[in-house]
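Engineer:
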Amino acid sequence: MNFLEILYFLVPVAIAYAAPLILTAIGGVFSERSGVVNIGLEGLMVVGAFIGVYFNLTFADTFGAGTPWMALLAAMVVAGVFSLLHAVASVTFRADQVVSGVAINLLAVAICLFLVKKIYGKGQTDFVQERFLRDGIPFLEKIPFFGPMFFQNVYWTSVLAIGIAILSWVVLYYTPFGLRLRAVGEHPMAADTMGINVSRMRYIAVMISGGLAGIGGAIYSQSISQDFGHSTINGQGFMALAAMIFGKWHPLGAMGAALFFGIAQALSIVGSSIPYIKEIPSVFLLILPYVLTILALAGFIGKANAPKASGVPYIKGKR
Amino acid sequence: MSNRIINLLVPVVSVILGLLVGAVVMLVSGYDPIEGYAALWDGIFGDAYTIGETIRQITPYILAGLAVAFAFRTGLFNIGVEGQLIVGWFAAAYVGIAVDLPKIIHLPLAILAAAAAGALWGFIPGLLKARFKVHEVIVTIMMNYVALHTVNALIRTVSDGGDNTGKIHPSASLRSDFLENMTDFSRLHYGIIIALAMVLVMWLILEKTTKGFELKSVGLNHHASEYAGMNVNKNIILAMSISGAFAGLGGAMEALGTFEFISVKGGFTGIGFDGIAVALLGANTPLGVIFGAVLFGSLKYGATNMPNAAQIPEEIVSIIIAIIIFFVASGYVIRLFIERLSKKKEAK
Numbered sequence: 207m208n209f210l211e212i213l214y215f216l217v218p219v220a221i222a223y224a225a226p227l228i229l230t231a232i233g234g235v236f237s238e239r240s241g242v243v244n245i246g247l248e249g250l251m252v253v254g255a256f257i258g259v260y261f262n263l264t265f266a267d268t269f270g271a272g273t274p275w276m277a278l279l280a281a282m283v284v285a286g287v288f289s290l291l292h293a294v295a296s297v298t299f300r301a302d303q304v305v306s307g308v309a310i311n312l313l314a315v316a317i318c319l320f321l322v323k324k325i326y327g328k329g330q331t332d333f334v335q336e337r338f339l340r341d342g343i344p345f346l347e348k349i350p351f352f353g354p355m356f357f358q359n360v361y362w363t364s365v366l367a368i369g370i371a372i373l374s375w376v377v378l379y380y381t382p383f384g385l386r387l388r389a390v391g392e393h394p395m396a397a398d399t400m401g402i403n404v405s406r407m408r409y410i411a412v413m414i415s416g417g418l419a420g421i422g423g424a425i426y427s428q429s430i431s432q433d434f435g436h437s438t439i440n441g442q443g444f445m446a447l448a449a450m451i452f453g454k455w456h457p458l459g460a461m462g463a464a465l466f467f468g469i470a471q472a473l474s475i476v477g478s479s480i481p482y483i484k485e486i487p488s489v490f491l492l493i494l495p496y497v498l499t500i501l502a503l504a505g506f507i508g509k510a511n512a513p514k515a516s517g518v519p520y521i522k523g524k525r
Numbered sequence: 038m039s040n041r042i043i044n045l046l047v048p049v050v051s052v053i054l055g056l057l058v059g060a061v062v063m064l065v066s067g068y069d070p071i072e073g074y075a076a077l078w079d080g081i082f083g084d085a086y087t088i089g090e091t092i093r094q095i096t097p098y099i100l101a102g103l104a105v106a107f108a109f110r111t112g113l114f115n116i117g118v119e120g121q122l123i124v125g126w127f128a129a130a131y132v133g134i135a136v137d138l139p140k141i142i143h144l145p146l147a148i149l150a151a152a153a154a155g156a157l158w159g160f161i162p163g164l165l166k167a168r169f170k171v172h173e174v175i176v177t178i179m180m181n182y183v184a185l186h187t188v189n190a191l192i193r194t195v196s197d198g199g200d201n202t203g204k205i206h207p208s209a210s211l212r213s214d215f216l217e218n219m220t221d222f223s224r225l226h227y228g229i230i231i232a233l234a235m236v237l238v239m240w241l242i243l244e245k246t247t248k249g250f251e252l253k254s255v256g257l258n259h260h261a262s263e264y265a266g267m268n269v270n271k272n273i274i275l276a277m278s279i280s281g282a283f284a285g286l287g288g289a290m291e292a293l294g295t296f297e298f299i300s301v302k303g304g305f306t307g308i309g310f311d312g313i314a315v316a317l318l319g320a321n322t323p324l325g326v327i328f329g330a331v332l333f334g335s336l337k338y339g340a341t342n343m344p345n346a347a348q349i350p351e352e353i354v355s356i357i358i359a360i361i362i363f364f365v366a367s368g369y370v371i372r373l374f375i376e377r378l379s380k381k382k383e384a385k
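Residue numbers (my numbering), protein chains in the order written: chain G, 207 to 525; chain Y, 38 to 385.
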């Protein structure tokens, strides 16, 4: 296998694995930029993954081939509503945001497994019938060299993920809404003085993060795992959190980091059939994203600075 | 109402609310909550065997709770208990298998190995926090996954590609014929004594030593501590290492007592994350951790009886535990509510 063939083989897998991470990481960017730490991304992905599969299994006959896309919508809505719990606890009830996030993670897994057992009477769901399929993107797939690598064998969901990443960048950096959201996360008191409703901004940001993580989870469960069980989402949410930090709390940075982690995941899965790579024990590829994040935080790979007010409840009138 | 009573009431109210929400969830999903809670009760206190198993389950919960609580008291949030517990589990199992020594040396050695491995896994985030000001929450989360994958790889190496290390030598085991006979052959082991001893150790460190005072003071205000001449960085590293050591001991309980081996893990044990719940409920005090561990350990073990006895998925208990964490974390609201209630009474 020559180098080019390896790239043609690896890159599409990497992009497929990166899509859920990109969306979830962008969700994290929204939440943290508004000043709410969201450790609960993992749990929100779990909710999305479950709703995606449940919707898919239930409505496959009604919607046919469009089912997975409808399921994404359903997952977005349900996970968005579920994230309200985190918003209420951390914004209104002034709970420790990390603790609330941990509770979200525990609760999401527990509720989803409870429902799986209640509805299907066993530990995991059946496989979905209508799943996302790989497809070539018209015209672009004809480009020499890049075509086969990026556009011939991709999920449309990956295109969606990259599109949302670019959209988020525009929203966060070039709209009044984005400026307000970032202001609330950097200096809530100053923002409040300027007439911005800090609590409302934070609620909106957390719900956006819930919705995006929900889509991410549903993409994962309908393209990669294709069913839902206790280990369907096993660390992807935290990896997205890592991508967010590695990408320095910037939508495009997070996307880049998620793509990079996607390559690491792809290598750990298909690496055994690639020369040179198969000599590397897969454990190094498995822990690579996490180790890189620690190194990035320690400042070995550029300095990563969190939004100033991230993790601090805003209490009016308190200095 | 005094502040002290309110502090006690918050966890109690949270637990009651959690159980109520659990009952509502059961009702809504078509199960009988009374039957469900009866099955839960039987699963905890049913007979000598279940009581033995419940205490066995409580043992690692105490240590995981101590780990989280100790870090909290020193101003740190150790979410990495899960990872520290897994490396401790592996270290104890490895020492239990690799060497053959008389029990009097072997058992303490295996336990110490677990504590050392856990301490190392806590030392790294502590060092990064002290040296580079990296927030320990993210690092410990990442360290959890590093631990999971590394330990899985190590198990495969040790067992020549298998997914189980095999049983430890009896000389490293915590199993006790006496306790097993007393509890109708449950897996109850001497670990509970170690766990309770560690509760005492944590209390002694925090309340009776100069170092403990320093650790707490760094947690409360590190600027003031530095001004008073304490070495803040050293204390942060030490606190994370001690916290990790407690977690590692939790792993030793599983390695040397409950399972006597370690097998490849598809995901986390959950003990470390439940440790956060234990510590929160126990208000991060050594004695409180015992209560928290007894409650959550019992719930977790009792839940396994619910599918058989009442056809209710055992995840209902995880739902209840998560809800309790929510309420304890949102203590501000419960506090407000209790204060208003007591003011109204006084007005009358």
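Using N, Cα and C, we set each Cβ at its ideal position, and we do this for glycine too.
How would you write the range of the alpha helix (DSSP H) that M395(G) sits in, first residue to last?
Structural biologist: Its alpha helix (DSSP H) spans residues P394 to T399.
Engineer: I need the DSSP call for D200(Y), collapsed to helix, strand or coil.
Structural biologist: D200(Y): coil per DSSP, three-state reduction.
Engineer: Which residues bound the alpha helix (DSSP H) around M450(G)?
Structural biologist: Segment Q442 to F452, the alpha helix (DSSP H) holding M450(G).
Engineer: If we ignore side chains and look at the alpha-carbon of each, how far apart do S237(G) and N244(G) end up?
Structural biologist: Taking the straight line joining both Cα atoms gives about 7 Å.
Engineer: List, in chain order, every chain Y residue whose beta-carbon is nearer than 8 Å to that of T499(G).
Structural biologist: Result: I175 and M179.
Engineer: Please state whether DSSP places Y264(Y) in a helix, a strand or coil.
Structural biologist: In this structure, Y264(Y) counts as helix in the three-state DSSP scheme.
Engineer: Curious, which full-length alpha helix (DSSP H) runs of at least 4 residues does the region 412 to 441 of chain G contain?
Structural biologist: Entirely contained in the region 412 to 441 of chain G, not one alpha helix (DSSP H) run reaches 4 residues.
Engineer: Any C-beta of chain Y within less than 9 Å: which residues of the region 312 to 343 of chain G qualify?
Structural biologist: Listed in sequence order: L312, L313, A314, V315, A316, I317, C318, L319, F320, L321, V322, K323 and K324.
Engineer: How big is the Cα-Cα spacing for G327(G) and F320(G)?
Structural biologist: Taking the straight line joining both Cα atoms gives about 10 Å.
Engineer: Below 7 Å between beta carbons is the criterion; list the residues of the region 337 to 356 of chain Y that meet it against any residue of chain G, in chain order.
Structural biologist: Cβ contacts with chain G come from P350, E352, I353, S355 and I356.
Engineer: Name, in chain order, the residues that DSSP records as bridge partners for V136(Y).
Structural biologist: Answer is none; V136(Y) lacks a bridge partner.
Engineer: Which first and last residues belong to the alpha helix (DSSP H) in which N311(G) is found?
Structural biologist: N311(G) -> alpha helix (DSSP H) spans Q303 to Y326.
Engineer: Distance, Cα to Cα, L418(G) vs R239(G)?
Structural biologist: Cα-Cα distance, rounded: 15 Å.
Engineer: Counting contacts by CB-CB distance shorter than 9 Å, is V518(G) in contact with chain Y?
Structural biologist: It does not; no Cβ of chain Y falls within 9 Å.
Engineer: I want to see whether chain Y comes within less than 9 Å of M413(G), judged by CB atoms only; does it?
Structural biologist: M413(G) does not count as touching chain Y.
Engineer: For L339(G), collect the residues of the same chain with a Cβ closer than 8 Å to its Cβ; drop the 5 residues on either side in sequence, then sort them by chain order.
Structural biologist: The answer, listed in chain order, is Y361.
Engineer: Using 10 angstroms around the beta-carbon of K7(Y), count the other beta-carbons present and answer buried if the total reaches 16, otherwise exposed.
Structural biologist: Nothing can be reported for residue 7(Y): it is not among the residues displayed for chain Y, which extend from 38 to 385.
Engineer: Mind checking which residues open and close the alpha helix (DSSP H) that includes R337(G)?
Structural biologist: No alpha helix (DSSP H) holds R337(G); DSSP gives it neither H nor E.
Engineer: Since F363(Y) meets chain G, which of its residues come closer than 8 Å, beta carbon to beta carbon?
Structural biologist: Those within 8 Å of F363(Y) in chain G are L291, A295, A301, S306, A309 and L313.
Engineer: Look at the Cβ atom of A314(Y), then the Cβ atom of F333(Y), and state whether they are nearer than 9 Å.
Structural biologist: Going by C-beta atoms, A314(Y) is nearer than 9 Å to F333(Y).
Engineer: Using Cβ-Cβ distances below 9 Å, what residues of the region 437 to 469 of chain G are close to chain Y?
Structural biologist: Answer in chain order: S437, N440, G441, F444, M445, L447, A448 and I451.
Engineer: Quick one: is R110(Y) buried, meaning 16 or more other Cβ sit within 10 Å of its Cβ, or exposed?
Structural biologist: R110(Y) should be labelled buried.
Engineer: How would you list, in chain order, the residues of chain Y whose beta-carbon sits under 9 Å from the beta-carbon of A504(G)?
Structural biologist: Here the neighbours are L165, R168, F169, V171 and V176.
Engineer: So, is the C-beta of N44(Y) closer than 9 Å to a C-beta in chain G?
Structural biologist: No, because no Cβ of chain G sits closer than 9 Å to the Cβ of N44(Y).
Engineer: Looking at the structure shown, is S240(G) part of a helix, part of a strand, or coil, going by DSSP?
Structural biologist: Of the three classes helix, strand and coil, the one that applies to S240(G) here is coil, per DSSP.
Engineer: Counting only beta-carbon atoms, is I486(G) nearer than 9 Å to chain Y?
Structural biologist: Taking Cβ atoms only, chain Y never reaches closer than 9 Å to I486(G), which makes this a no.
Engineer: If we cut at 9 Å on Cβ distances, does G186(Y) have a partner in chain G?
Structural biologist: According to the sequence as given, residue 186(Y) is His; it is not Gly. Cβ-Cβ to chain G under 9 Å: yes for H186(Y).
Engineer: Let me know the secondary structure DSSP gives S516(G) once reduced to three states.
Structural biologist: Residue state, collapsed to three classes: coil.
Engineer: For V301(Y), does the three-state DSSP call read helix, strand or coil?
Structural biologist: In the structure shown, V301(Y) sits in coil (DSSP, three-state: anything other than H, G, I, E or B).
Engineer: With a cut-off of 9 Å, does the C-beta of L317(Y) fall near any C-beta of chain G?
Structural biologist: Yes - at least one Cβ of chain G is within 9 Å of the one on L317(Y).
Engineer: Do V412(G) and S296(G) have their C-beta atoms within less than 9 Å of each other?
Structural biologist: Cβ distance < 9 Å, so V412(G) and S296(G) count as in contact.
Engineer: Could you tell me whether any Cβ in chain G is nearer than 9 Å to the Cβ of I313(Y)?
Structural biologist: Chain G contact via Cβ: present.
Engineer: If you measure from the beta carbon of I483(G) to each beta carbon in chain Y, is any gap under 9 Å?
Structural biologist: Chain Y, which has no Cβ nearer than 9 Å to the Cβ of I483(G), makes this no.
Engineer: Out of I414(G), A504(G), F383(G) and A255(G), point me to the one whose CA is closest to V334(G)'s CA.
Structural biologist: Of the listed residues, the one whose Cα sits closest to V334(G) is A255(G).
Engineer: Can you check whether the CB of F222(Y) is closer than 9 Å to the CB of Y338(Y)?
Structural biologist: Cβ distance not < 9 Å, so Y338(Y) and F222(Y) don't count as in contact.
Engineer: Quick one, which residues of the region 89 to 121 of chain Y are near chain G if we go by CB-CB under 9 Å, in chain order?
Structural biologist: Those would be F114 and I116, in chain order.
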